[in-house]
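Residue numbers (the working numbering): 13 to 621.
Glycine included, C-beta positions come from ideal geometry on N, C-alpha and C.
Bear in mind that the values here come from a model prediction, so they are computed numbers and not experimental data.
Reviewing the structure listed below.
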Amino acid sequence: MRETAVEPIVSGDDGSLAERVWRNADEDPDAVQFVRPDPDPRSWPVRRSGRGGALPVTCRQFRDDVLAVARGLVAAGVAHGDRVGLLSRTRYEWTLVDYALWSIGAVTVPIYDTSSDEQIGWMLGDSGAVGCVLETADHAVSVAALRSELPELRQTWRIDAGELIELVAQGRAVDVAEVDARRAAVTGDDIATIVYTSGTTGPPKGCVLAHRNLSADIGNATAVLPQLLHPGAMTVLFLPLAHAFARLIQVGMVHTRATMVHSADISGVLDQLRRFRPTFILAVPRMFEKMHDQARQTAEDAHRGWLFGLAEWVAVRYSRALDTAHGPGRLLRLAHLVFEFAAYRRLRAALGGRCRMAIVGGAPLGERLGHFFRGAGITVLEGYGLTETSPALTANLPTAMRIGTVGRPLPGVRIRLADDGEVHARGEVVFGGYWHNPEATRAALTEDGWLRTGDLGRIDDDGFLRITGRTKEIMVTAAGKNVAPAPIEERIRAHPLVSQVMLVADGRPYVAALVTVDPQAWTRWREQHGLPGASVSAARDDPRLRGEIQVAIDRANRSVSRAEQVKTFRILHRDVTEADGELTPTLKIKREAVRDHFADEVAALYHGH
């Protein structure tokens, strides 16, 4: 077995994650910890009257807000170890409730605001939640319909109905010393959160994460990423806080007294980025794919597609040269300087102009895109982890980076490869097990205590990890050829017209693909090709459209052996969506659901064979 490890810089704290909130208020009370973009006083009080716009929240104010909610929760009977659901979009109140629960030793159960009623019922019921903070009237209706199935659920609090404010009013009868005592009683081994995995198959499993798991992860991550997380740094967080990746950044911002802006409206993210000008962002790879495609399309609309192509070529060449011993040559540096003024600055302006770094996770970014963005002045740090690992295991660092990999282990993490190539992990960040599911816990851990990640990988001579696929996603053709779909799908998805792609091959005579068309790119393409108003469904057999997709497939096929090449494809009549249960919240395809929903399309791929 090949193994790589980095010694820990810090250990997980012995107490509550909320202790940092009180420390920040004592050490730098006037530092701005959060910015509420457009606060609603009906949801949570706005201290500054008579002025509209964004509202800064200092470390002192945040501590006071956390204390007020914590007193309310104590008054409501929430005890140490009790589970409380948190069903909301990303907003200030999400973080506020999270830390309030932690400050009294209670356990947060995050629930995606897009979850189905069945999923909400499962998470609240399986965790035995005694209460639930929810955001909207729709959420309230969903939970109310489930109450008869949730005997342990005693009460709910709806954010946009002002019920957190009412909770605070109840808490005024609780002595502050009670919260202080509850906070002091929390140990690093107490459960901080139960995060239900949005897996691609089966019902969600509750990952039990202790305060120590999260504090060890963020403590070591911030130690090696001082350029990213520090006082004065700012980010606009638009990923759902129910996802462990976004949650870790929340903890990191509080840990380092950096400033975080909550952005619940994903459709307005670009406006928020221009408005608040973050120093770094957290995103999934699909966002960078779309940024690249939109920049190219804008150039083509202005009849400057050739210029963008040249700027892209220079950016990629420049970035690759940075990794060589001699660096970029004189002519390449000159060309890069020209395009810095002609193109790259405009690309960065879309992120506010100050953003020079980004963290991505949840899916592979793609080597070419990584080089393009670094060459354009935005270093995209790709990392890797699982909900079960708090979640970060590895990361590329500004000082130790290899594009195309997910970096080296973070301090305190050990990574090894099993004989079949599966990535195993060990360290203080690894969870204690699944909630009330010892069978799944035993299956997740090896006999010698390593976590089986389910991912396949390679470790190079310098200790950088490259993820090559999922153990459960490896497909075997009728001829016995193993096919790892992820690398091929990634290359096909790089085409601007492609939204999602899923390979089909298990037990089949050859590899085929289901492809969906990006809605925004489709609008432009159909106008350019004399099909105004046409739907993808009506035009999916158009030879010109199929020709475009074939270009993407031909490019991907050149990277693999003949047996792995995609022989044919079908363009689906609609895109796959999270709402239809076909994508996870981080936009990864749920293969089994897509195969079921489009069974006729899969059959058509092999008609006559």
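Among the options, which one has its Cα closest to the Cα of residue i?
i: R345; options: A354, R329 and R83; result: R329
i: V248; options: L294, A568 and D229; result: L294
i: V326; options: P376, R366, F385 and L429; result: F385
i: V121; options: T102, Y104 and D94; result: D94
i: G31; options: R478, S275 and S227; result: Here the sequence assigns Glu to residue 31, which means Gly is not the residue at that position. Of the listed residues, the one whose Cα sits closest to E31 is S227.
i: M246; options: R224, Y618 and T291; result: T291
i: F250; options: L557, R101, A551 and T391; result: R101
i: A323; options: A347, P340 and E175; result: A347
i: L85; options: R478, T417, E178 and A17; result: E178
i: G637; options: T580, R570 and E590; result: Limits of the chain in this structure are 13 at one end and 621 at the other, which puts residue 637 out of reach.
i: V186; options: E594, L457 and A88; result: A88
i: A496; options: Y104, G469, E459 and L477; result: G469
i: N232; options: G133, H267 and T205; result: H267
i: A568; options: L617, G133, D530 and A506; result: A506
i: N36; options: D52, T271, F351 and L98; result: T271
i: A222; options: R259, T528 and G200; result: G200
i: R83; options: A196, V188, L282 and P508; result: V188
i: T107; options: A173, Q262, L136 and E161; result: Q262
i: G593; options: P51, D467 and T126; result: T126
i: D624; options: P531, D138, I601 and M369; result: Because the chain spans 13 through 621 in this model, residue 624 falls outside it and cannot be assessed.
i: G373; options: C71, S160, Y396 and L260; result: Y396
i: G218; options: I371, D335 and T453; result: T453
i: A437; options: A490, D473 and L477; result: L477
i: R520; options: A235, A533 and K493; result: K493
i: Q167; options: P57, V96, A314 and M299; result: V96
i: S28; options: L79, I116, R103 and T16; result: I116
i: A362; options: R603, G65 and M303; result: M303
i: P243; options: E604, A616, R582 and F46; result: F46
i: Y618; options: D313, G133, A314 and D518; result: D518
i: D313; options: L67, T528 and T535; result: T535
DSSP has residue i in a bridge; who is on the other side?
i: Q167; result: G143
i: T271; result: M246
i: R428; result: E15 and H436
i: C219; result: V207 and Y446
i: N494; result: V488
i: A524; result: V516 and T580
i: Y396; result: T406
i: V78; result: Note: V78 sits in no beta bridge, so no partner.
i: I177; result: Answer is none; I177 lacks a bridge partner.
i: G481; result: L468
i: F46; result: V69 and M272
i: I123; result: L99
i: T417; result: I415
i: T391; result: M369
i: I21; result: Its beta-bridge partners do not exist; DSSP assigns none.
i: A295; result: V372
i: I504; result: According to DSSP, which records beta bridges pairwise, I504 is partnered with nothing at all.
Should residue i and residue j be called a contact, given that it needs their Cβ atoms to be closer than 8 Å?
i: I471; j: R14; result: yes
i: R407; j: L393; result: The identity of residue 407 in the sequence shown is Ala, whereas the question assumes Arg. The answer is yes: Cβ separation under 8 Å.
i: V119; j: I203; result: yes
i: V109; j: V69; result: no
i: L584; j: L526; result: yes
i: L165; j: V142; result: yes
i: V523; j: Q562; result: no
i: R308; j: F320; result: yes
i: G481; j: A456; result: no
i: P252; j: Q131; result: no
i: A256; j: V296; result: no
i: I123; j: L158; result: no
i: L162; j: G137; result: yes
i: E501; j: L381; result: no
i: R426; j: A17; result: yes
i: E147; j: D172; result: yes
i: G264; j: T310; result: no
How many whole angstroms separate the CB atoms of residue i and residue j, which I take to be in contact at a CB cut-off of 8 Å?
i: Y503; j: V548; result: A small fix is needed here, since residue 503 is Arg in this sequence, not Tyr. Not a contact, Cβ separation roughly 22 Å.
i: S55; j: E105; result: 6 Å
i: T458; j: L398; result: Actually they are not in contact, since the Cβ atoms of T458 and L398 sit about 15 Å apart, beyond 8 Å.
i: V81; j: V180; result: 6 Å
i: R410; j: T391; result: Checking the displayed sequence, the identity of residue 410 turns out to be Pro instead of Arg. 6 Å between Cβ atoms; contact.
i: E434; j: T489; result: No, E434 and T489 are not in contact; Cβ-Cβ is about 21 Å, not under 8 Å.
i: V606; j: V588; result: 6 Å
*Looking at C-beta atoms only, is the number of pairs between the region 38 to 46 and the region 68 to 75 that lie closer than 8 Å three or more?*
yes
*If we count Cβ pairs, one from each stretch, closer than 8 Å, do we get three or more for the region 509 to 517 versus the region 277 to 291?*
no
*Quick one: any contact between the region 273 to 281 and the region 351 to 368, if contact means 3 or more CB pairs under 8 Å?*
no
*How about the region 394 to 404 and the region 442 to 449: do they share at least three Cβ pairs that are nearer than 8 Å?*
yes
*asked:* I want to know whether the region 567 to 575 touches the region 536 to 543 - three or more CB-CB distances under 8 Å.
replied: no
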